[in-house]
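Here is the structure we will look at, set down as C-alpha cells.
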Amino acid sequence: METQARLTVDIARLESEGETYKGETPIEVLDLGESELLTPLSGIRYTLFIQLLNTELLVRGTLSVHLQCTCVRCGATFETDAVDRDFVESYEISPENEFMDLTDAVREAIILALPGYPVCREACKGLCMKCGANLNTSKCSCNRKGNDMRWAALDALDAQMIPKEEEEHEDLDRGKKRGRKPTVKEK
Ligand SMILES: [Zn+2]
Ligand SMILES: [Zn+2]
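Per our numbering: the sequence shown = residues 97 to 283.
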C-alpha cells in the first residue's frame with residue numbers, strides 16, 4: 097500500500113470489521129504549485145480506519161505532511177507538520193464499485209490544514225521595517241512606533257525572490273507606496 101501513487105481502497109477485499117490503512121503518498125500528490133511560503137518535504141502521511149457499513153464506505157483518521165515554511169514575519173525557514181486529526185469521508189457504494197480512490201479527498205483535506213500565514217513561532221518579532229534588522233536576534237535604533245512588522249518581512253521576501261510578473265504583487269507594491277494596506281481578495 098505504502099508506495100502506490102493513488103490511495104485506493106480495494107472494497108471487495110476489505111475486512112468486514114474494518115481495516116486500518118497506514119502509509120504515505122508520493123510527495124508529488126500534494127502539488128502546491130508556485131507557493132513561496134510552503135514546500136512539502138514528505139508525501140501525505142495517513143492512518144485511516146476504513147469500514148464498509150451496508151452500502152456506505154466510511155473513512156476516518158489522521159493525515160499529516162512535513163513541510164518547510166517561510167516565516168511571513170521574519171523570512172526564516174523552518175520545518176513543521178500540518179496535521180488533520182479529524183479526517184472523515186463517506187461514500188455511497190454500489191455493487192459494481194470495486195475500488196474507491198481516496199487520493200483527491202485526502203489532498204483537499206490536508207490543503208485545508210496547511211498554515212495560511214506560517215510563523216516560525218508565535219512570539220516572532222519579525223524584521224524592522226526601516227533597516228531590515230531581524231528583531232528576534234538583534235536590536236536596532238529605529239523608531240518603530242506605528243509600524244507593522246509583518247510588511248517588513250514581506251518587503252524582504254519581495255526583494256529576495258518574487259519575480260515581478262503577477263499583477264497581484266504589483267497591486268501590493270502600489271498599495272504599500274500609498275501607505276495603505278492592500279486588502280486580500282478571496283479567489
Ligand atoms: Zn519568524
Ligand atoms: Zn531598524
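Heads up, the beta-carbon is just placed ideally off N, CA and C, and yes, glycines get one too.
Nothing here was measured: the structure is a model prediction, and the numbers come from that model.
1. Measure how close the beta-carbons of serine 186 and leucine 154 come, nearest whole angstrom, since I'm counting them as under 8 Å.
2. Output needed for isoleucine 107: all residues of its chain with C-beta closer than 8 Å, excluding positions within five of it in sequence on either side, in chain order.
3. Can you tell me which of the three DSSP states alanine 219 falls into?
4. At the level of alpha carbons, what is the spacing between arginine 109 and leucine 103?
5. Would you say the beta carbon of glycine 119 comes nearer than 8 Å to a heavy atom of ligand 2?
6. Measure the alpha-carbon distance for threonine 121 versus aspartate 127 and round it to whole angstroms.
7. Taking all protein chains shown into account, do 16 or more other C-beta atoms lie within 10 angstroms of the C-beta of aspartate 177, making it buried, or fewer, making it exposed?
8. Where does serine 190 fall in DSSP's three states?
9. Measure the C-alpha to C-alpha separation of leucine 133 and glycine 114 and round it to an integer number of angstroms.
10. Just verifying my parser: in three-state terms, what is the DSSP assignment at valine 184?
Here's the rundown:
1. Taking a contact as a CB-CB distance under 8 Å, the pair serine 186 and leucine 154 counts as one, their CB atoms being some 5 Å apart.
2. If we look at isoleucine 107 and ignore the five residues flanking it on each side, its Cβ neighbours are Leu148, Leu153, Ile189, Asn193, Glu194, Phe195 and Met196.
3. Note: alanine 219 maps to coil in three-state DSSP.
4. If I take the Cα positions, the gap works out to 15 Å.
5. No, the Cβ of glycine 119 stays beyond 8 Å of every heavy atom of ligand 2.
6. As the crow flies, the alpha-carbon of threonine 121 is around 12 Å from that of aspartate 127.
7. Residue burial annotation: aspartate 177 is exposed, with fewer than 16 other C-beta atoms found within 10 angstroms of its C-beta.
8. In the structure shown, serine 190 sits in coil (DSSP, three-state: anything other than H, G, I, E or B).
9. Their Cα atoms are separated by approximately 38 Å.
10. Three-state DSSP puts valine 184 in a strand.
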